[in-house]
Amino acid sequence: MLRVENLIYDYPGHRALDDVSFEVEAGSITALVGPNGAGKSTLMRVCAALERPFAGRVLLAGANVHDNPRAAHRRMGFLPDFYGLYDELTVAQCLDYRAAAQGIARTERAAIVAMAAARLEIADRIDQRAGTLSRGLRQRLAIAQAILHDPAFLMLDEPASGLDPAARIGLSAVLRQLAGEGMTILVSSHILAELQDYSTHILMLKAGRVVEHASLERIAAEGGASRDIRLGFAANIPDLRRRLSAITELEVITCGSDEALVRLTDDPAIRAAILARLAAEGLGLTCFAPERRSLQDIYLERMRDRPPARPGLLTGPENGEAGT
Ligand SMILES: Nc1ncnc2c1ncn2[C@@H]1O[C@H](COP(=O)(O)OP(=O)(O)OP(=O)(O)O)[C@@H](O)[C@H]1O
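Going by the working numbering, the first residue of the sequence shown is number 285, and it counts up by one from there.
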């Protein structure tokens with residue numbers, strides 16, 4: 285769907301994108317993450333053909349977006365991190381204006397405005413002025429503006445920033461729904477727990493370079509079974525820590541009176557022996573569950589460990605060369 289090849293982008297005295305290559309799979313929701321200043325917004329603006337790269341190219345469904353930005357804008361939607369709405373216009377007028385700007389014929393506009401408002405669940409606000417909407421509803425209107433021409437590809441730059449928890453949950457549902465309807469989405473955010481809920485892939489940038497690009501499934505499976513195990517017990521055991529610590533192959537990370545987090549070795553035989561010992565101890569074991577590695581753990585690990593991608597490599601989940 286979107287293929288980015290060897291992008292270089294410089295601000296005066298600063299390289300913001302340093303040989304960035306990746307490919308976004310059709311139908312995926314890719315989370316674009318990285319520390320402040322990593323280059324996420326710059327990357328999105330270049331992909332949206334709002335900035336011209338110094339080198340490299342961006343292909344949307346095979347067409348170079350910088351050769352014909354207007355054609356690219358008809359195939360993509362973009363919500364920048366800072367956007368303006370016409371506060372004096374109603375929701376309907378805002379959407380109608382954007383539809384006109386997209387070149388949609390006057391006769392088709394009413395139906396398209398109604399459909400976009402329905403998709404973002406703001407149809408009941410259609411006659412309300414944009415300036416009187418809550419932050420969450422403004423965000424919905426801005427996304428409705430970005431998708432009313434039914435783009436195949438949608439980019440959202442930090443759409444959750446400033447939203448309250450309920451509005452963020454609503455936004456996640458909207459993104460899932462749009463992806464379910466066939467839209468390919470690239471979304472940047474610093475809220476990793478939420479990205480984990482709806483993303484299929486992750487693209488990590490650090491200092492203008494790709495340090496990881498993979499499906500969440502592949503990342504979660506990487507490294508085999510988790511070594512951290514959550515234990516649960518049927519009743520309170522006052523000396524639980526002491527009893528667990530007595531098992532030498534097991535390291536106690538946290539411990540309460542009826543639950544604990546412990547770290548085991550990767551060796552299946554030793555793990556089986558520890559489980560058998562725990563059962564034999566008569567502790568009333570009710571839970572022995574590997575802890576799922578969170579996106580946050582993976583992010584922190586990658587940001588710490590990984591060298592940036594080698595120049596010239598096209599990173600992508602399908603070729604398995606991400607961040608090597
Ligand atoms: N107009 C500009 N002029 C000069 N430098 C800029 C400009 N815009 C961004 N930069 C620099 O380019 C780098 C990348 O910025 P960018 O905004 O793309 O990062 P980001 O990953 O989106 O950051 P954040 O998470 O804080 O939004 C930063 O070092 C930033 O200071």
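Cβ coordinates follow ideal geometry from the N, Cα and C atoms, glycine included.
query, result
"First and last residue of the uninterrupted alpha helix (DSSP H) at leucine 478", "Per the sequence presented here, residue 478 reads as glutamate, with leucine not at that position. Where glutamate 478 is concerned, the enclosing alpha helix (DSSP H) stretches over 476-482."
"Spatial distance of methionine 285 from methionine 328 (CA atoms)", "15 angstroms"
"Quiz: which residues have CB nearer than 5 angstroms to ligand 1 non-hydrogen atoms", "Tyr295, Ala300, Asn320, Gly321, Ala322, Gly323, Lys324, Ser325, Thr326"
"Residue nearest to arginine 525 in terms of C-alpha spacing, selected from Arg511, Ile513, Ala518, Leu545", "Leu545"
"Nearest-angstrom Cβ-Cβ length linking methionine 360 and proline 435, presumed shorter than 8 angstroms", "5 angstroms"
"Residues sharing a beta bridge with aspartate 512, DSSP", "Arg547"
"Cut-off 7 angstroms between Cβ atoms - residues of its own chain near arginine 409, not counting five sequence neighbours on either side", "Val375, Leu417, Leu421"
"Cβ neighbour criterion (16 or more within 10 Å) applied to threonine 314", "buried"
"Presumed contact (8 angstroms Cβ cut-off) between valine 330 and tyrosine 295, rounded CB distance", "That pair is no contact at about 12 angstroms."
"Touch test, the segment 369-386 against the segment 336-347, Cβ-Cβ under 8 angstroms, three pairs minimum", "no"
"Glycine 297 - partner residues in DSSP beta bridges", "According to DSSP, which records beta bridges pairwise, glycine 297 is partnered with nothing at all."
"Arginine 527 beta carbon less than 8 angstroms from that of glutamate 501", "no"
"Helix, strand or coil at proline 449 according to DSSP, with G and I counted as helix", "helix"
"Isoleucine 410, DSSP secondary structure in three states", "coil"
"DSSP state of alanine 498 mapped onto helix, strand, coil", "strand"
"For alanine 356, the three-state DSSP class (helix, strand or coil)", "helix"
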